[in-house]
Amino acid sequence: MEAIANALESNMLTCPSKALAGITCPGCGFQTASVALLRGNLADTWEHYPPLFPFLLLMLLLLFFLVSRYRYRLHLLLGAFFTTLAFITVNYFSKLL
92 MEAIANALES NMLTCPSKAL AGITCPGCGF QTASVALLRG NLADTWEHYP
142 PLFPFLLLML LLLFFLVSRY RYRLHLLLGA FFTTLAFITV NYFSKLL
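In case it helps, this note's numbering puts the sequence shown at residues 92 to 188.
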């Protein structure tokens, strides 16, 4: 995992919103948090981008729903989606303040 984290860290993309307009975007911190998570540092992951945790849960649920027969429980997927959206929104506006 360390090799993957190092490769990601050395090839991080610059945020176009921050580079061009000088303001953060709702996804700013995602790459840094992903590298911290790959290194097993949960505190740094939370510090850089708290919405990463519900986002990963959403991706796991989506994968589960795609490969399973539980497609009729769409409300669980929608709940995870709106929870992730709320985390991203709160995180974004807290960075703007």
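Note that the Cβ used here is the ideal one computed from N, Cα and C, for glycine as well.
- Please determine if the segment 137-150 and the segment 119-128 are in contact, where contact requires at least 3 C-beta pairs separated by less than 8 Å. yes
- Query: Would DSSP call Met103 helix, strand or coil?
  - Reply: coil
- Task: Pick helix, strand or coil for Pro163, following the three-state DSSP scheme.
- Result: Residue identity differs from the one stated: residue 163 is Tyr in this sequence, not Pro. Of the three classes helix, strand and coil, the one that applies to Tyr163 here is coil, per DSSP.
- Message: Can you give me the C-alpha to C-alpha distance between Phe184 and Ala171, rounded to a whole angstrom?
- Response: 20 Å
- Message: In this structure, how does DSSP classify Tyr183 when only helix, strand and coil are distinguished?
- Response: helix
- Anticipated Cβ contact below 8 Å, Leu129 with Ile95, distance rounded: 6 Å
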